[in-house]
Amino acid sequence: MERMEKSAVPADLNVMKKNDLRLIAALVILAAAAFGGVMLYARLSTKEPEAVVYLEGEEKGRYPLSENITIEIRQENGNCNILQIKDGKADMIEASCPDKVCVRQHPVSRQGESLVCLPNQAVVEIQNGQEAEIDTSTN
Amino acid sequence: MKKIYRVFILAAVLTFCAGFALLQYQGQRLERYQAQFFDCFDTVTTITGYAKSQEDFSQKVGLLQEKLMFYHKLYDIYHTYDGMNNIKNINDAAGKEVVKVEPEIIELLKLGRDMYEKTGGEVQIAYGSVLSLWHKYRQEGIEHPDQAELPPQEELNRRAKHTNMEKMILDEKASTVYLSDKEMSLDVGSIGKGYAVSRLAEYAREIGMEHVLISVGGNVCAVGGKADGTPWNVGVENPDSNSSQPYMCSVELENQSIVTSGDYQRYYEVEHVRYCHIIDPDTNMPPDYFSSVSVQTKDSGQADALSTALFNMEYKVGLSLVERLPDVEAMWIGKDGKIRCSSGFKCNEKK
Ligand SMILES: [Zn+2]
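As given, the protein sequences belong to chains Z and E, one line each in that order. According to the numbering used here, the first sequence is numbered sequentially starting from 690. According to the numbering used here, the second sequence is numbered sequentially starting from 39.
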């Protein structure tokens with residue numbers, strides 16, 4: 690028995706090696722394909738920076754920062770904010786609210802930054818923006 | 039052929055293990071999240087932090103929002119709420135009766151008294167009778183800019199007689215407050231938000247948030263630093279809103295707080311002159327020393343009170359106060375945009 694097994698091992702190894710190689714090659718190809726797929730997906734899903742408009746917490750529109758545009762955010766109750774996107778930044782340039790705090794805010798362009806008009810319950814938030822060096826601000 | 043299966047099974051098991059490990063790793067990795075809400079202290083609250091998932095973060099932010107709302111109601115001077123006595127209840131009972139309150143009100147009022155003494159009366163919570171008159175004129179001026187007026191000086195002076203801090207009577211044991219002058223009232227606007235934020239930071243720690251940045255209307259407090267161990271970066275806003283530079287400088291914050299008092303956000307104009315919402319108890323008028331003052335220290339309530347007090351004080355007097363207080367630093371931005379800092383204030387180049 691012992692002898693038989695000893696002689697059988699090399700033969701088996703040969704078989705194993707062949708199949709092993711095939712299997713490894715198959716796995717490598719599979720892995721490469723999966724990796725390529727993931728990378729492609731990641732690239733396709735990397736969105737460009739945009740200003741997202743919310744009214745009373747509800748999304749009302751998305752505007753890429755790459756396009757210069759002026760948006761009138763008008764509500765049924767007559768409240769209105771004018772949002773300007775210019776040179777990659779979003780700025781509230783006019784508003785119907787009495788306090789005008791939103792208009793005094795500096796333009797925003799970085800990930801997570803926002804323009805807020807409390808009286809009109811209007812929020813403009815930057816999404817997919819470049820990461821900000823500043824985490825928050827004091828004023 | 040059997041061996042092939044064995045190898046195949048081995049490969050499958052290995053792949054499964056690797057995949058599982060990767061999932062585990064991703065499950066434990068902390069992601070950065072941010073949430074905003076708008077219903078507390080009439081301003082924007084922003085919470086920035088780290089969590090394993092969006093759900094985990096949202097759940098904790100929900101708890102913080104609930105807690106902050108509690109303080110918002112307690113320190114409200116315009117509305118009363120069912121089931122609790124707040125600052126408005128105390129004011130309404132002035133000269134009439136003692137009001138039983140939550141310990142969170144007693145603590146706040148003690149802070150107010152303490153800061154009144156420390157600052158020589160430059161931050162005043164028993165100043166409601168004067169502040170409410172300014173509030174009325176400011177609101178009317180904001181609604182109808184062409185009819186904006188200043189409150190009459192005689193009326194300001196008359197009301198200023200009813201701002202004696204000694205007539206705010208606290209009974210800590212009984213947890214009651216009594217205002218013994220019926221014409222006086224409390225306005226905790228200069229310390230309430232800051233104190234609430236310091237308590238909120240404490241609460242965040244209790245519910246297991248180790249890296250959180252809380253901003254309630256620019257009243258900023260950091261629990262820990264960022265998840266990678268570096269401090270948070272907080273920009274000090276440029277008072278000139280037309281400038282292309284949003285920040286004057288940035289400060290690093292870790293287990294600390296920074297609060298700014300400025301004249302450039304909440305104000306109204308009478309004949310093209312700007313009158314801000316902060317009123318100097320010495321003159322009963324908005325002060326005209328600076329565009330803003332920021333105070334950095336551990337406790338957010340103290341930072342809030344001090345930023346108001348320093349806004350009401352000449353630079354030299356304010357500086358000597360700051361240098362006397364341990365672990366308190368400040369930065370003054372003048373009307374001309376010039377920056378001055380206390381000796382230990384670390385102001386990083388604007389970004
Ligand atoms: Zn507005």
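We put the CB at the ideal spot given by N, CA and C, even for glycine.
Taking C-beta pairs closer than 9 Å, name the residues in chain Z that residue i reaches, listed in chain order.
{"i": "E:Y302", "result": "R793 and N828"}
What residues from chain E crowd round residue i, counting only those whose CB sits closer than 8 Å?
{"i": "Z:P787", "result": "I180 and E181"}
{"i": "Z:L790", "result": "It should be noted that the sequence gives Val, not Leu, for residue 790 of chain Z. Chain E residues near Z:V790: Q303 and R304."}
Does any residue of chain E have a CB that is nearer than 9 Å to the CB of residue i?
{"i": "Z:T759", "result": "no"}
{"i": "Z:E822", "result": "yes"}
{"i": "Z:S659", "result": "Chain Z is shown from 690 up to 828; residue 659 of chain Z falls before or after that span and cannot be answered."}
{"i": "Z:V805", "result": "yes"}
{"i": "Z:G801", "result": "yes"}
{"i": "Z:V717", "result": "no"}
{"i": "Z:P796", "result": "yes"}
{"i": "Z:Q810", "result": "yes"}
{"i": "Z:S696", "result": "Legend: pLDDT at Z:S696 = 49, less than 50; position of this residue unreliable, value from coordinates given subsequently. Answer no: the Cβ-Cβ gap between Z:S696 and chain E never drops below 9 Å."}
In chain Z, which residues lie less than 7 Å from residue i when you measure between Cβ atoms?
{"i": "E:S332", "result": "T827"}
Could you work out which residues of chain E lie near residue i, taking near to mean beta carbons separated by less than 9 Å?
{"i": "Z:E840", "result": "Outside the shown range of chain Z (690 to 828) lies residue 840 of chain Z, about which nothing can therefore be said."}
Distance cutoff 9 Å, beta carbons only. Does residue i sit that close to anything in chain Z?
{"i": "E:S380", "result": "no"}
{"i": "E:S281", "result": "yes"}
{"i": "E:A186", "result": "no"}
Can you find a heavy atom of ligand 3 that lies under 8 Å from the Cβ of residue i?
{"i": "Z:N766", "result": "Only ligand 1 can be found as ligands here, which leaves ligand 3 out of the picture."}
* With 9 Å as the limit, tell me which residues of the stretch 73-92 of chain E have their beta carbon closer than that to any beta carbon of chain Z; keep them in chain order. => When C-beta distances to chain Z are compared with 9 Å, the residues of the stretch 73-92 of chain E below that value are Q74, F76, D80, T81, V82, T84 and T86, in chain order.
* When you check each C-beta in the stretch 262-275 of chain E against every C-beta of chain Z, which residues fall closer than 8 Å? -> K264, W270, N271, V272, G273, V274 and E275
* Residues of the stretch 284-302 of chain E whose Cβ lies closer than 9 Å to any Cβ of chain Z, in chain order -> P284, Y285, S288, V289, L291, I296, V297, T298, G300 and Y302
* Contact residues within the stretch 230-259 of chain E, judged by C-beta distance below 7 Å to chain Z -> Cβ contacts with chain Z: L251, S253, G256 and V258.
* Whole runs of the beta strand (DSSP E) within the stretch 256-312 of chain E, excluding any shorter than 3 residues -> 257-261, 270-275, 285-291, 295-300 and 305-308
* Asked: Which ranges does the alpha helix (DSSP H) cover as unbroken runs of at least 4 residues, wholly within the stretch 97-183 of chain E, from first to last along the chain?
  -> 125-130, 141-156 and 166-181
* Asked: What are the residues of the stretch 318-346 of chain E that lie near chain Z, defined by any Cβ-Cβ distance shorter than 8 Å?
  -> Of all residues in the stretch 318-346 of chain E, S330 and S332 have a Cβ within less than 8 Å of some Cβ in chain Z.
* Asked: Which residue spans inside the stretch 726-764 of chain Z form an unbroken beta strand (DSSP E) run of at least 3?
  -> 739-744, 747-753 and 758-763
* Could you tell me whether the stretch 117-133 of chain E touches the stretch 219-227 of chain E, using the rule of 3 or more Cβ pairs below 8 Å? => yes
* Determine, using beta-carbon pairs with one atom in the stretch 153-170 of chain E and one in the stretch 187-202 of chain E, whether at least three such pairs fall under 8 Å. => Yes: at least three Cβ pairs fall under 8 Å.
* To do: Answer yes if the stretch 266-273 of chain E comes into contact with the stretch 802-813 of chain Z, meaning at least three C-beta pairs across the two stretches below 8 Å, and no otherwise.
  => no
* With a cut-off of 8 Å, do at least 3 Cβ pairs link the stretch 795-803 of chain Z to the stretch 768-779 of chain Z? -> yes
* Is it true that the stretch 320-337 of chain E meets the stretch 346-353 of chain E, where meeting means three or more beta-carbon pairs spaced less than 8 Å apart? -> yes
* Asked: Could you give the uninterrupted runs of the beta strand (DSSP E) lying entirely in the stretch 66-92 of chain E, keeping only those of 3 residues or more?
  -> Taken in chain order, the whole beta strand (DSSP E) runs of length 3 or more contained in the stretch 66-92 of chain E are 69-75 and 83-89.
* Asked: Using 8 Å as the threshold, is the stretch 246-261 of chain E in touch with the stretch 81-88 of chain E, meaning 3 or more CB pairs across them?
  -> yes
* Asked: Between the stretch 281-293 of chain E and the stretch 207-223 of chain E, do at least 3 Cβ pairs fall closer than 8 Å?
  -> The answer is no - the stretch 207-223 of chain E does not touch the stretch 281-293 of chain E, with fewer than three Cβ pairs under 8 Å.
* Asked: Are there three or more Cβ pairs, one per stretch, closer than 8 Å when the stretch 320-329 of chain E is compared with the stretch 290-297 of chain E?
  -> no
* To do: Tell me the start and end of each unbroken beta strand (DSSP E) in the stretch 338-386 of chain E that is at least 3 residues and wholly inside, in chain order.
  => 367-372 and 377-379
* Does the count of Cβ pairs from the stretch 308-324 of chain E and the stretch 185-194 of chain E closer than 8 Å reach three? -> yes
* Asked: Between the stretch 304-322 of chain E and the stretch 352-370 of chain E, do three or more beta carbon pairs fall short of 8 Å?
  -> no
* Asked: Are the stretch 336-343 of chain E and the stretch 230-240 of chain E touching by the rule of at least three beta carbon pairs closer than 8 Å?
  -> Yes, the stretch 336-343 of chain E is in contact with the stretch 230-240 of chain E.
* **Length-filtered (3 minimum) beta strand (DSSP E) runs lying within the stretch 202-233 of chain E** => 206-209 and 214-217
* Asked: At what residue ranges does the stretch 790-828 of chain Z contain a whole run of the alpha helix (DSSP H), taking only runs of 4 or more?
  -> 790-793
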